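Novice: All residue numbers for the sequence shown refer to our numbering, where the first residue is 8 and numbers rise by one. Before I ask anything, here is the structure I am working with.
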Amino acid sequence: MILFLSIENRLIAQHKDSFAVQLFTEVYASSVPNQPFNKLRPAFQYNYTKANNAGVNMSLARVHFSTQRFRTNFGLMAGDYATANLAAEEPWARAVFEANVGIKLSNKKELWLDAGLMPSHIGFESAIGRDNWAATRSIVADNSPYYETGLRFSFQPNAKWYMAALALTGWQRITFAQEKKHPSFGTQITFKPSSKFSINHSSFAGKAPYSFASVNRYYSNLHTTIQLHKNLAMFICWDIGIEYKPNAFRKNATWNAWNAQVQYKPSGSKWQFNARYERFIDRNTILFELPEQIYHQFNVHHTSINIDRLLGKGFLLRAEANYQSSPYPIFRKDTRLTYRQFSAFLITSYNFQYSKKR
8 MILFLSIENR LIAQHKDSFA VQLFTEVYAS SVPNQPFNKL RPAFQYNYTK ANNAGVNMSL
68 ARVHFSTQRF RTNFGLMAGD YATANLAAEE PWARAVFEAN VGIKLSNKKE LWLDAGLMPS
128 HIGFESAIGR DNWAATRSIV ADNSPYYETG LRFSFQPNAK WYMAALALTG WQRITFAQEK
188 KHPSFGTQIT FKPSSKFSIN HSSFAGKAPY SFASVNRYYS NLHTTIQLHK NLAMFICWDI
248 GIEYKPNAFR KNATWNAWNA QVQYKPSGSK WQFNARYERF IDRNTILFEL PEQIYHQFNV
308 HHTSINIDRL LGKGFLLRAE ANYQSSPYPI FRKDTRLTYR QFSAFLITSY NFQYSKKR
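Encoded structure:
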C-alpha cells in the first residue's frame with residue numbers, strides 16, 4: 008500500500024512537521040492477438056497504450072512537506088500515461104504530476120484551502136497503477152479526470168466525513184483553454200462510518216473541453232467500497248455525464264458507466280486477486296472518435312482478472328487477462344475492425360518511500 012503523505016489521503020493533519028519522498032516506476036509488456044496495425048491499444052485507453060510491445064507506463068518522482076498549518080506536494084513524471092493523457096496540455100506541463108500548496112484556515116478545525124495542480128476529486132482509481140485494485144485502468148477511469156487545477160476548499164469534521172468544494176480551470180486541464188476562460192466547479196462528499204464501508208459522491212459542472220465554449224458538461228461519480236470479509240472486499244461505482252448544447256437541435260447527450268470489482272487477499276500471503284466487470288455506454292460518442300465508423304455508438308463490455316504478487320520491499324508483479332466486446336466493430340484487427348479484443352498484460356513496479364517526522 009502506498010504510504011506517501013499527500014493531500015489525496017485526506018487524513019486528520021499531524022501536529023508534527025513531515026517530509027516524504029516517493030520514487031515510483033512501472034513497466035509493462037502487452038499481448039494483443041488482434042495485431043492492430045498501428046501497434047496501439049484503443050484510443051480510449053490512456054495507460055499501457057502499446058500493443059504487442061513493452062513500455063514504461065509511468066516513472067514518478069514526488070516530494071511532500073507539511074506542518075500543522077501548511078502542506079505542499081510536487082511531482083514530475085514521464086511515460087506512456089503522461090504522453091497520452093496530457094497530450095492536450097502545453098509541452099512544459101506534460102511532465103508535471105502535481106504541484107500544489109495548502110493552508111489550514113482554522114486552529115481547531117480541519118479546514119483547508121489548497122491551490123495548484125492536484126489529483127482529481129473524481130473517481131476511485133489513481134494514475135499510479137500500484138494504488139489500484141485492477142492491474143490496468145477501467146474505461147471510465149481513463150475517460151474522467153486523473154488530475155485537476157484550481158482551488159479546493161475542504162473540511163473534515165471527524166474521521167467519518169470529508170467534504171470539498173472546488174473551482175477549476177476545466178475538465179482535466181492544467182491551464183485554461185485559450186478560447187475560454189470560464190471556471191468550472193466541483194464538489195465531493197465522503198462518508199466512512201467504519202473501516203468496512205465507505206461511500207463517495209463527486210460532481211463536476213463546467214464547459215466541455217472543446218474548441219467552442221457553448222457546451223456545458225455535468226458529471227456525477229458515485230462509488231462505494233465494502234469489506235465483505237477480512238480477506239474479501241468489493242467496489243461498485245456508477246458514473247453519468249451529461250452535455251447540454253443550448254443552440255443545438257439535440258440539446259442533451261448522456262453517457263453512463265457501471266464498474267464493479269472484487270478483491271481477495273489471503274491472510275498472511277503475498278498474493279492478491281481481483282476481478283472486474285465494466286459497462287460503458289456513450290450513444291452519441293461524446294468522449295470518443297470511433298475509428299472510421301463514425302455512425303456507431305460506443306457501447307462496450309469490459310472484464311478482467313488479475314493476479315498480483317509482492318516480490319519484496321517495494322516490488323510488485325501483476326498479470327492480467329482483459330477482454331472487451333461491443334455490438335459494433337470498434338476494435339482494430341490488423342487493418343480491419345472487429346467486435347472484440349483480448350489483451351494480456353505483465354506489469355511490474357517498484358516503489359521507494361522515505362518519510363520523516365519531527
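In this text, a Cβ means the ideal position worked out from N, Cα and C, and glycines have one as well. Being a predicted model, the structure only gives us computed values, none of them experimental.
Determine the DSSP secondary structure at TYR88, reduced to helix, strand or coil.
Specialist: Helix.
Novice: Taking only three categories from DSSP, how would you classify ASP246?
Specialist: Reduced to three states, the DSSP call for ASP246 is strand.
Novice: Closest by CA to ALA240, which one among ILE247, THR231, GLY248 and ASP246?
Specialist: Considering only alpha carbons, the answer is THR231.
Novice: I need the straight-line Cα distance from SER356 to ALA134, nearest angstrom please.
Specialist: Taking the straight line joining both Cα atoms gives about 13 Å.
Novice: My output table needs one value for ASP121: the three-state DSSP class, helix, strand or coil.
Specialist: ASP121 falls in the strand class under three-state DSSP.
Novice: For TYR55, would you say it is in contact with chain C, using Cβ-to-Cβ distances shorter than 9 Å as the test?
Specialist: Absent from the structure is chain C; it holds one protein chain and no more.
Novice: Using the Cα positions of SER127 and ASN60, report the straight-line distance between them to the nearest angstrom.
Specialist: Approximately 29 Å, taken between the alpha carbons.
Novice: Name, in chain order, the residues that DSSP records as bridge partners for ASN306.
Specialist: For ASN306, which the question treats as bridged, DSSP gives the partners ILE288.
Novice: By DSSP, does ILE354 sit in helix, in strand, or in coil?
Specialist: The answer is strand: DSSP assigns ILE354 an E or B state.
Novice: Over the uninterrupted alpha helix (DSSP H) stretch that includes VAL147, give me the two end residues.
Specialist: Segment 146-149, the alpha helix (DSSP H) holding VAL147.
Novice: Can you look up ASP315 in the DSSP assignment and give me helix, strand or coil?
Specialist: ASP315: strand per DSSP, three-state reduction.
Novice: What does the alpha-carbon distance come out to for the pair PRO98 and GLN331?
Specialist: Rounded to whole angstroms, PRO98 to GLN331 spans 33 Å at the Cα level.
Novice: Measure the alpha-carbon distance for LYS364 versus PHE338 and round it to whole angstroms.
Specialist: If I take the Cα positions, the gap works out to 50 Å.
Novice: Between which two residues does the beta strand (DSSP E) harbouring ILE129 extend?
Specialist: Looking at the DSSP string, ILE129 is not in any beta strand (DSSP E), and its letter there is neither H nor E.
Novice: Which same chain residues, not among the five before or five after TYR284, have their C-beta less than 6 Å away from its C-beta?
Specialist: ALA267 and THR310.
Novice: Relative to the alpha-carbon of PHE77, which residue among LEU67, PHE305 and LYS111 has its alpha-carbon at the smallest distance?
Specialist: Nearest C-alpha to PHE77: LYS111.
Novice: At the level of alpha carbons, what is the spacing between TYR361 and GLN29?
Specialist: Roughly 7 Å separates the two Cα atoms.
Novice: Taking all protein chains shown into account, decide if SER13 is buried (16 or more other Cβ within 10 angstroms of its Cβ) or exposed.
Specialist: Because the pLDDT of SER13 is 40, which lies under 50, any placement of that residue in the model is unreliable, and the question is left without a value.
Novice: In this structure, does DSSP put SER362 in helix, strand or coil?
Specialist: Strand.
Novice: For VAL108, list the residues DSSP reports as bridge partners.
Specialist: DSSP lists THR79 and ALA122 as partners of VAL108.
Novice: Over what stretch of residues does the beta strand (DSSP E) that includes PHE198 continue unbroken?
Specialist: Note, PHE198: beta strand (DSSP E), 191-201.
Novice: How far does the beta strand (DSSP E) with THR156 in it reach, from first residue to last?
Specialist: Element bounds for THR156: 154-162.
Novice: Using CA coordinates, which residue listed in VAL147, ALA122, PHE162 and GLU132 is at the minimum distance from ASN114?
Specialist: Cα-wise, what sits closest to ASN114 is PHE162.
Novice: Excluding five sequence neighbours on each side, which residues of the same chain lie with their C-beta closer than 6 Å to the C-beta of SER209?
Specialist: Counting only Cβ-Cβ distances below 6 Å, and skipping sequence neighbours, we find HIS128, ILE129, GLN195 and ASN228.
Novice: From VAL108 to ARG347, what distance separates their C-alpha atoms?
Specialist: Roughly 45 Å between the two C-alpha positions.
Novice: What did DSSP end up calling TRP168 once you bin it into helix, strand or coil?
Specialist: Residue state, collapsed to three classes: strand.
Novice: So, under 8 Å CB-CB, GLU105 and MET65 are touching, yes? Tell me the CB distance rounded to an integer number of Å.
Specialist: In fact, because the Cβ distance is near 13 Å, the residues do not count as touching under 8 Å.
Novice: Taking LYS340 as the reference, which of ALA174, ILE288 and PRO49 has the closest Cα?
Specialist: Minimum Cα distance to LYS340 is reached at PRO49.
Novice: Per DSSP, ASN329 is paired with what?
Specialist: Paired residue(s): SER311 and SER350.
Novice: Just the C-alpha distance for GLU96 and ASN80, rounded to the nearest angstrom, thanks.
Specialist: Distance between the alpha carbons of GLU96 and ASN80: 20 Å.
Novice: Which residue from LYS116, ALA174 and SER38 puts its Cα closest to that of GLN75?
Specialist: For GLN75, the nearest C-alpha among the options comes from LYS116.
Novice: Using a Cβ-Cβ cutoff of less than 7 Å, which residues in the same chain neighbour PRO273 once the five nearest sequence positions on both sides are dropped?
Specialist: Excluding sequence neighbours, PRO273 sits near ASN238.
Novice: Leaving out five residues on either side along the sequence, give the residues of the same chain with a beta carbon under 6 Å from the beta carbon of LEU118.
Specialist: Cβ within range, chain order: LEU112 and PHE162.
Novice: May I ask you to list the residues that DSSP assigns as paired with ARG343?
Specialist: LYS340, per the DSSP bridge assignment.
Novice: Please state if the CB of VAL222 and the CB of ALA215 are separated by a distance shorter than 9 Å.
Specialist: Contact flag set, yes.
Novice: Decide if ASN204 is buried, meaning its Cβ has at least 16 other Cβ atoms within 10 Å, or exposed.
Specialist: Checking the displayed sequence, the identity of residue 204 turns out to be Phe instead of Asn. The residue in question, PHE204, is exposed, as its Cβ has fewer than 16 Cβ neighbours within 10 Å.
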